[in-house]
Amino acid sequence: MGNKKYHIGLYEKAMPSALNWEEKLQCARDCGYDFVEISIDESDARLARLEWTAQERAQLRETMQKIGVPIRSMCLSGHRKYPFGASDPAVRRRSLEIMEKAIQLSDDLGIRVIQLAGYDVYYEEGSEQTRKDFADNLKKAVEMAAVHGVVLGFETMETEFMNTVAKSMKYVDLIDNPYLGVYPDVGNLTNAAKTYGTSVLDDLETGRGHLVAIHLKETVPGKFREIPFLTGHVDFPAVIRKGWQLGVRRFVTEMWDTGKPEWKADICFAHDKMSEILDTME
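Following my numbering, the numbering of the sequence shown begins with 2 at its first residue and continues without gaps.
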């Protein structure tokens, strides 16, 4: 591992949710991944992970050590249901509580990067006020992250609010703190570029100096998930090369388990195809 020029991680939801952590980490190892990205989404079951006891956390650290594959990033999409910009103050308070607990869990498990959902609100209409509250609470979140040395990176989403790196950078510039950057999803960026008639590579360039990692995900126009690798319209060699030129050295294959019997072969395929491209980077 020591001399590898990049690390590639596996998104937890690529694997069947019935697997336990030992099995998930083992799967990642079998397919050649360097780490796993844990999902803390809006479901009660995954949000409950933020309440794990000290003993449960210690046990997971032991499992990582035993298998030899760590959990090193977190996809925190739980903010979709409890966003920073929510008009209900109780929901905004919950958003910060989720943030604080996610940072603490990251600190305890050795997670370096938390991917933030780029939504001011999701289940309600956005406004000037939701954007203002979003920015205010984002600032608090980044200050919490700075205490623990955990980096936050915006995911570029599928909604108008933040579907490009350029839009994410408005908030990165506003907060102006080394613990907030952009963690773009190249599948979503490709869809946005098609919609706006712009270039994904130019958009990635706007994040120069602020890209913390990249989600490698396949999409087709208008569809944002569950598209098998190499069957969509993402130009992986081009986006990887551009990310590499911009200093990105951490990549995660984002895909979903859809109940196919050959799910593991698909995970290994994603690893192998993306690694083949990464291995040509110098």
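Each residue gets a CB set at the ideal place from its N, CA and C atoms; glycine is no exception. All values derive from a computational prediction rather than experimental measurement.
Let me check one thing: in DSSP terms, what residues is Thr254 bridge-paired to?
Position 253 of the sequence shown, counted from the first residue, corresponds to residue 254. Per DSSP, the beta bridge partners of Thr254 are Leu11, Leu217.
Leu212 bridges to which residues according to DSSP?
Here residue 212 corresponds to residue number 211 of the sequence shown, with the count starting at 1. When beta bridges are read from the DSSP output, Leu212 appears opposite Val183.
Taking the alpha-carbon positions, what's the Tyr184 to Ala214 distance?
To locate residue 184, count along the sequence shown from 1; it is residue 183. To locate residue 214, count along the sequence shown from 1; it is residue 213. Cα to Cα, Tyr184 sits roughly 5 Å from Ala214.
Is the stretch 253-269 in contact with the stretch 232-244, if contact means three or more CB pairs nearer than 8 Å?
Counting Cβ pairs under 8 Å, fewer than three are found: no touch.
Let me confirm a value: Leu175 is counted as buried when at least 16 other C-beta atoms fall within 10 Å, else exposed. Which label applies?
Within the sequence shown, numbered from 1, the residue matching residue 175 stands at position 174. Burial is judged here by how many other beta carbons sit within 10 angstroms of a residue's own beta carbon; Leu175 has fewer than 16 and is exposed.
Val148 classed as buried or exposed, judged by whether at least 16 other C-beta atoms fall within 10 angstroms:
Stepping through the sequence shown from its first residue, residue 148 is reached at position 147. Val148 counts as exposed, since fewer than 16 other C-beta atoms from the protein chains shown sit within 10 angstroms of its C-beta.
How is Lys140 classed by DSSP in three states: helix, strand or coil?
By 1-based counting over the sequence shown, the position of residue 140 is 139. Helix, per DSSP.
If we count the other Cβ atoms within 10 Å of its Cβ and call it buried at 16 or more, is Ser169 buried or exposed?
On the sequence shown, position 168 is the one that residue 169 refers to. Ser169 is buried by the Cβ-count criterion.
Check whether Ile72 and Leu48 have beta carbons under 8 Å apart:
Counting from one through the sequence shown, the residue named residue 72 turns up at place 71. Counting from one through the sequence shown, the residue named residue 48 turns up at place 47. For Ile72 and Leu48, no; Cβs fall outside 8 Å.
With DSSP run on the structure shown, which of helix, strand or coil describes Cys76?
For the purposes of this step, residue 76 is taken as the residue at position 75 of the sequence shown. When secondary structure is reduced to three states using DSSP, Cys76 falls in the strand class.
On the DSSP letters alone, give me the boundaries of the alpha helix (DSSP H) that Ser18 sits inside.
Position 17 of the sequence shown, counted from the start, is the residue given in the question as residue 18. Under the DSSP assignment, Ser18 falls outside any alpha helix (DSSP H); it carries neither an H nor an E label.
Just tell me which of Cys269, Pro222, Tyr124, Thr281 has its CA closest to the CA of Glu43.
On the sequence shown, residue 43 is found 42 positions in, with the first residue counted as 1. The shortest Cα separation from Glu43 among Cys269, Pro222, Tyr124, Thr281 belongs to Tyr124.
Reference Gln130; option with closest CA among Ser88, Met16, Leu153, Ser74:
Translated into positions along the sequence shown, residue 130 becomes position 129. That would be Ser88, whose Cα lies nearest to the Cα of Gln130.
At which residues does the beta strand (DSSP E) containing Ser40 begin and terminate?
Sequence index remark: in the sequence shown, residue 40 carries index 39 (1-based). For Ser40, the enclosing beta strand (DSSP E) covers residues 36-41.
Ile9 to Thr54, Cα distance in whole Å?
Taking the first residue of the sequence shown as 1, we reach residue 9 at position 8. Taking the first residue of the sequence shown as 1, we reach residue 54 at position 53. If I take the Cα positions, the gap works out to 29 Å.
Just the C-alpha distance for Trp22 and Glu57, rounded to the nearest angstrom, thanks.
Position 21 of the sequence shown, counted from the first residue, corresponds to residue 22. Position 56 of the sequence shown, counted from the first residue, corresponds to residue 57. Cα-Cα distance, rounded: 11 Å.
Compute the Euclidean distance between the alpha carbons of Met16 and Arg30, then round it to the nearest angstrom.
On the sequence shown, position 15 is the one that residue 16 refers to. On the sequence shown, position 29 is the one that residue 30 refers to. When rounded, the distance between both Cα atoms is 13 Å.
What would DSSP say about Ala49, mapped onto helix, strand or coil?
As a first step, residue 49 is located in the sequence shown; it is residue number 48 there, counting from the start. DSSP places Ala49 within a helical segment (H, G or I) once states are collapsed to three.
Are Lys14 and Asp258 closer than 8 Å when you measure CB to CB?
In the sequence shown, residue 14 corresponds to position 13, counting from 1. In the sequence shown, residue 258 corresponds to position 257, counting from 1. For Lys14 and Asp258, yes; Cβs fall inside 8 Å.
8 Å contact criterion, which Ile99 and Val151 should meet: CB distance rounded:
In the sequence shown, counting from the first residue as 1, residue 99 sits at position 98. In the sequence shown, counting from the first residue as 1, residue 151 sits at position 150. The pair is not a contact, with the Cβ atoms about 14 Å apart (cut-off 8 Å).
Contact under 8 Å by Cβ, Phe237 with Met275
As a working mapping, residue 237 is identified with position 236 in the sequence shown. As a working mapping, residue 275 is identified with position 274 in the sequence shown. Contact: yes.
Integer Cβ distance of Leu117 from Ile68, believed to fall under 8 Å:
As a first step, residue 117 must be located in the sequence shown, where it is residue number 116. As a first step, residue 68 must be located in the sequence shown, where it is residue number 67. 28 Å between Cβ atoms; not a contact.
Buried or exposed: where does Gly208 fall if 16 or more other Cβ atoms within 10 Å of its Cβ makes it buried?
Numbered from 1 along the sequence shown, position 207 holds the residue referred to as residue 208. Answer is buried; the Cβ neighbour count reaches 16.
Rounded to whole angstroms, how far is the Cβ of Glu159 from the Cβ of Phe225, which I believe are closer than 8 Å?
In the sequence shown, counting from the first residue as 1, residue 159 sits at position 158. In the sequence shown, counting from the first residue as 1, residue 225 sits at position 224. So it is a contact: roughly 4 Å between Cβ atoms.
For Phe1, list the residues DSSP reports as bridge partners.
Residue 1 cannot be examined here, being either before or after the span of the chain that is shown, 2 to 283.
Nearest to Ile241 (by Cα), restricted to the options Gly127, Asp280, Glu144, Leu106:
As a working mapping, residue 241 is identified with position 240 in the sequence shown. Distance from the Cα of Ile241 is smallest, within the candidate group Gly127, Asp280, Glu144, Leu106, for Asp280.
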